[in-house]
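Peer 1: Residue numbers for the sequence shown follow my numbering, beginning at 428 and rising by one. Every residue gets a Cβ at the ideal spot worked out from N, C-alpha and C, and that includes glycine.
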Amino acid sequence: MRAPLPPPDPSVPVLADLLGPAAPEILTPVLGIRPDGLRPTQIRYSPGRSATVLYSVDGSSERFVATTGGNLPSGAARLSDGSSEIAVWAVPQDPRLPGLRVAMNGPTLAPILREVGLRSPIRHLRLRSYRPTRRAVVEVTTAEHRVFLKVVRPDRVQHLQLAHRTVAEQIRVPRSLGWSPDLGIAVLEALPGASLRRAASQSLAGTLPSWATLASNLDQIPLLDNHRPGLIERTATHVRLLTAIRPGLAESLAELQTYLSGAPDEPLRPAHNDLHSEQILIQGDGQLTILDIDTVGPGRRVDDAALLIGHIYTHAAAGGGSVALAEYGSRLLAECEKTLDSNSLRLRISAAVLAFATTPFRRQDPDWPAATARRIDAARSWSLSH
Numbered sequence: 428m429r430a431p432l433p434p435p436d437p438s439v440p441v442l443a444d445l446l447g448p449a450a451p452e453i454l455t456p457v458l459g460i461r462p463d464g465l466r467p468t469q470i471r472y473s474p475g476r477s478a479t480v481l482y483s484v485d486g487s488s489e490r491f492v493a494t495t496g497g498n499l500p501s502g503a504a505r506l507s508d509g510s511s512e513i514a515v516w517a518v519p520q521d522p523r524l525p526g527l528r529v530a531m532n533g534p535t536l537a538p539i540l541r542e543v544g545l546r547s548p549i550r551h552l553r554l555r556s557y558r559p560t561r562r563a564v565v566e567v568t569t570a571e572h573r574v575f576l577k578v579v580r581p582d583r584v585q586h587l588q589l590a591h592r593t594v595a596e597q598i599r600v601p602r603s604l605g606w607s608p609d610l611g612i613a614v615l616e617a618l619p620g621a622s623l624r625r626a627a628s629q630s631l632a633g634t635l636p637s638w639a640t641l642a643s644n645l646d647q648i649p650l651l652d653n654h655r656p657g658l659i660e661r662t663a664t665h666v667r668l669l670t671a672i673r674p675g676l677a678e679s680l681a682e683l684q685t686y687l688s689g690a691p692d693e694p695l696r697p698a699h700n701d702l703h704s705e706q707i708l709i710q711g712d713g714q715l716t717i718l719d720i721d722t723v724g725p726g727r728r729v730d731d732a733a734l735l736i737g738h739i740y741t742h743a744a745a746g747g748g749s750v751a752l753a754e755y756g757s758r759l760l761a762e763c764e765k766t767l768d769s770n771s772l773r774l775r776i777s778a779a780v781l782a783f784a785t786t787p788f789r790r791q792d793p794d795w796p797a798a799t800a801r802r803i804d805a806a807r808s809w810s811l812s813h
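#1: Which parts of the region 627–677 are runs of the beta strand (DSSP E), unbroken and 3 residues or longer, counting only runs that do not cross its ends?
#2: Look up residue 699 in the DSSP assignment and say whether it is helix, strand or coil.
#3: So, for residue 472: in the same chain, excluding its five sequence neighbours on each side, which residues have a beta-carbon less than 7 Å away from its beta-carbon?
#4: Measuring alpha carbon to alpha carbon, tell me which of 810, 796, 813, 805 ends up nearest residue 431.
#5: Report the CB separation of residue 531 from residue 554 in whole angstroms; it is logged as a contact under 8 Å.
#6: Between which residues of its own chain and residue 819 is the CB-CB distance below 6 Å, once the five residues before and five after are set aside?
#7: Beta-carbon within less than 8 Å of residue 634's beta-carbon, same chain only, minus the 5 sequence neighbours each way: which residues are those?
#8: Along the chain, where does the alpha helix (DSSP H) containing residue 572 start, and where does it finish?
#9: Across which residues does DSSP place residue 516 in a beta bridge pair?
#10: Beta-carbon separation of residue 800 and residue 676 under 8 Å?
#11: If you compare alpha carbons, which of 560, 483, 691, 573 is closest to residue 468?
#12: Per DSSP, what kind of secondary structure is residue 373 in: helix, strand or coil?
#13: Is the beta carbon of residue 585 closer than 8 Å to that of residue 608?
#14: Buried or exposed: where does residue 577 fall if 16 or more other Cβ atoms within 10 Å of its Cβ makes it buried?
#15: Would the region 603–622 count as touching the region 744–760 if we require 3 or more Cβ pairs under 8 Å?
#16: CB of residue 783 to nearest heavy atom of the ligand SAH: below 7 Å?
#17: Is it right to say residue 648 is buried, meaning 16 or more other beta carbons lie within 10 angstroms of its own, or is it exposed?
#18: Answer yes if the region 720–740 comes into contact with the region 697–707, meaning at least three C-beta pairs across the two stretches below 8 Å, and no otherwise.
#19: Is DSSP giving residue 688 helix, strand or coil here?
#20: Considering only residues of the same chain and omitting the five flanking positions on each side of residue 588, which have a CB-CB separation below 6 Å?
#21: Could you tell me whether the Cβ atoms of residue 783 and residue 807 are closer together than 8 Å?
#22: So residue 514 and residue 499 are supposed to be a Cβ contact under 8 Å. How far apart are they, rounded?
#23: Have a look at 481, 692, 751 and flag the residue whose alpha-carbon is nearest the alpha-carbon of residue 489.
#24: Considering only the alpha carbon of each residue, which of 718, 657, 697 lies closest to residue 778?
#25: Determine the DSSP secondary structure at residue 805, reduced to helix, strand or coil.
#26: Could you please give me the residues that DSSP links to residue 795 through a beta bridge?
#27: Use the C-beta contact count for residue 597: other C-beta atoms within 10 angstroms, 16 or more gives buried, fewer gives exposed.
#28: Can you name, in chain order, every residue of its own chain whose Cβ lies under 6 Å from the Cβ of residue 817, other than the five neighbours on each side?
#29: In terms of residues, what are the limits of the alpha helix (DSSP H) holding residue 450?
#30: Near residue 444, which residues of its chain fall below 7 Å by C-beta distance, leaving aside the five closest residues on each side in sequence?
#31: Which residue from 759, 731, 547, 504 puts its Cα closest to that of residue 775?
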């Protein structure tokens, strides 16, 4: 079932074509093939500016990307109708992630792995996540090892390497085994454990960490120079997107944005800045690992708590979580309200849930209009619960 189209955007006139049934015809002249079974599985959309769409092909591992508006990447094939221009490529040929094509090709990857001491033959490569032009994660399995390659733009890999090297000296995070500054690749060790969300649904539910345990780990994060906007600061961006795709909710969204802007300010301190239930691994003995630490830097502790709780509640409300996960979310909320300002926490949970309201559209879920409205309602409820 194809997802409904968003309202037309005069500044991104090909948006409907890229998301609709015309996409294969648009891509065929550039790719040289007609990708039958093509469907959008991810969109990054900046209303009035640009759109980037990732496509999958039914029954195939092939993926393609089309992007329009903004600063189009050089090195990609181009298509123009005189008023709009589209850049297109087949994954892994991302023009802004030169390391991806190397990471997804055994013969070109093997020398890089040998440089970090991994000499056994490569058995399997799997693209675990991909955000076009921004980053990707490739899982590599050899005869003796399993590692993850984090691929970013080359000008950002030095910070990624520094974050893993520095934070690994303080808390349990994947160590960097080596990196390529030219390709933008960091080779990260694979650590055991189930994600917090999965652990709640398994026999590990009794080992889920308290907020005090999580906060103790966050306290040990060094204060790296990597400032990111907080949850409240990012609200305007989310409201702008949500208003564009659900214009009938514009008034409600504007009211919510105004309400959230009144959240009390909080002091900056070392923070993860993207802490959610997939970023925490739990082992049977309760030992935990924190992932994706390239976001680590000055932030607000209450934002870390709010994002984690908001992620748990959103997942549970969507029917994807166990009773144990929902109960854990309630427990975390109660624990956090003993040490954090309740008003500030709940307003920031509202901001986190509002951010997650963009996910159904970004994934192009068939029911994204209704799912988006439900999450906006949930965000409003959180904002009024303090």
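Peer 2: Looking at the coordinates:
#1: Inside the region 627–677, DSSP marks no whole beta strand (DSSP E) run of 3 or more residues.
#2: Here residue 699 refers to the residue found at position 272 of the sequence shown. Three-state DSSP puts residue 699 in coil, outside helix and strand.
#3: Counted from its first residue, the sequence shown places residue 472 at position 45. For residue 472, same chain residues with a beta-carbon under 7 Å away, outside a window of 5 residues either side, are 478, 668 in chain order.
#4: Sequence index remark: in the sequence shown, residue 431 carries index 4 (1-based). The shortest C-alpha separation from residue 431 is found at 796.
#5: Here the question's residue 531 lines up with position 104 in the sequence shown. Here the question's residue 554 lines up with position 127 in the sequence shown. A Cβ-Cβ distance of about 7 Å is found for the pair residue 531 and residue 554, placing them in contact under the 8 Å criterion.
#6: Residue 819 lies beyond the range of the chain shown here (428 to 813); nothing can be said about it.
#7: Numbered from 1 along the sequence shown, position 207 holds the residue referred to as residue 634. The beta carbon of residue 634 sits closer than 8 Å to the beta carbons of 626, 709, 710, 711, 712, 713 from its chain, once the five residues preceding and following it are set aside; these are given in chain order.
#8: Here residue 572 refers to the residue found at position 145 when the sequence shown is read from its first residue. Where residue 572 is concerned, there is no enclosing alpha helix (DSSP H), given that its DSSP letter is neither H nor E.
#9: For the purposes of this step, residue 516 is identified with residue 89 of the sequence shown, where counting begins at 1. Residue pairing by DSSP puts residue 516 in a beta bridge opposite 492.
#10: Along the sequence shown, read from residue 1 onward, the residue named residue 800 stands at position 373. Along the sequence shown, read from residue 1 onward, the residue named residue 676 stands at position 249. With respect to the 8 Å criterion, residue 800 and residue 676 are classified as neighbours on the basis of their beta carbons.
#11: Stepping through the sequence shown from its first residue, residue 468 is reached at position 41. Ranked by how close their Cα comes to the Cα of residue 468, the residues 560, 483, 691, 573 have 483 in first place.
#12: Because the chain is modelled from 428 through 813, residue 373 falls outside the range shown and cannot be assessed.
#13: As a working mapping, residue 608 is identified with position 181 in the sequence shown. As a working mapping, residue 585 is identified with position 158 in the sequence shown. Their beta carbons are under 8 Å apart, which means residue 608 touches residue 585 by this criterion.
#14: The residue given as residue 577 occupies position 150 in the sequence shown. When all chains shown are included, residue 577 counts as buried.
#15: The answer is no - the region 744–760 does not touch the region 603–622, with fewer than three Cβ pairs under 8 Å.
#16: Of ligands this structure carries none, so the ligand SAH is not represented either.
#17: One-based indexing of the sequence shown puts residue 648 at position 221. By the neighbour-count definition (other C-beta atoms within 10 Å, threshold 16), residue 648 is a buried residue.
#18: The region 697–707 is in contact with the region 720–740.
#19: Taking the sequence shown and counting its residues from 1, one reaches residue 688 at position 261. Here DSSP, grouped into helix, strand and coil, assigns residue 688 to coil.
#20: Start at 1 with the first residue of the sequence shown, and residue 588 comes out as number 161. Cβ-Cβ distances below 6 Å link residue 588 to 603, 606, 613 in the same chain, with the five nearest sequence neighbours on each side left out; the list follows chain order.
#21: On the sequence shown, residue 783 is found 356 positions in, with the first residue counted as 1. On the sequence shown, residue 807 is found 380 positions in, with the first residue counted as 1. No, these two residues do not count as a Cβ contact at 8 Å.
#22: Walking along the sequence shown from the start, residue 514 turns up at place 87. Walking along the sequence shown from the start, residue 499 turns up at place 72. Contact between residue 514 and residue 499 is confirmed by a C-beta separation of about 4 Å, below the 8 Å threshold.
#23: Walking along the sequence shown from the start, residue 489 turns up at place 62. Of the candidates 481, 692, 751, the residue whose Cα lies closest to the Cα of residue 489 is 481.
#24: Against the sequence shown, residue 778 aligns to sequence position 351. Checked all of 718, 657, 697; the closest Cα to residue 778 is 657.
#25: By 1-based counting over the sequence shown, the position of residue 805 is 378. DSSP places residue 805 within a helical segment (H, G or I) once states are collapsed to three.
#26: By one-based count along the sequence shown, residue 795 stands at place 368. According to DSSP, which records beta bridges pairwise, residue 795 is partnered with nothing at all.
#27: Here residue 597 refers to the residue found at position 170 of the sequence shown. In the assembly as shown, residue 597 is an exposed residue. Its beta-carbon has fewer than 16 other beta-carbons within 10 Å.
#28: Here the chain covers residues 428 to 813 and nothing more, so residue 817 does not appear.
#29: Walking along the sequence shown from the start, residue 450 turns up at place 23. It spans 450–458 - the alpha helix (DSSP H) in which residue 450 sits, taken as one unbroken run.
#30: Position 17 of the sequence shown, counted from the start, is the residue given in the question as residue 444. Excluding residues up to 5 positions away in sequence, 450, 453 lie with their Cβ nearer than 7 Å to the Cβ of residue 444 in the same chain.
#31: In the sequence shown, counting from the first residue as 1, residue 775 sits at position 348. Comparing Cα positions, the closest option is 731.
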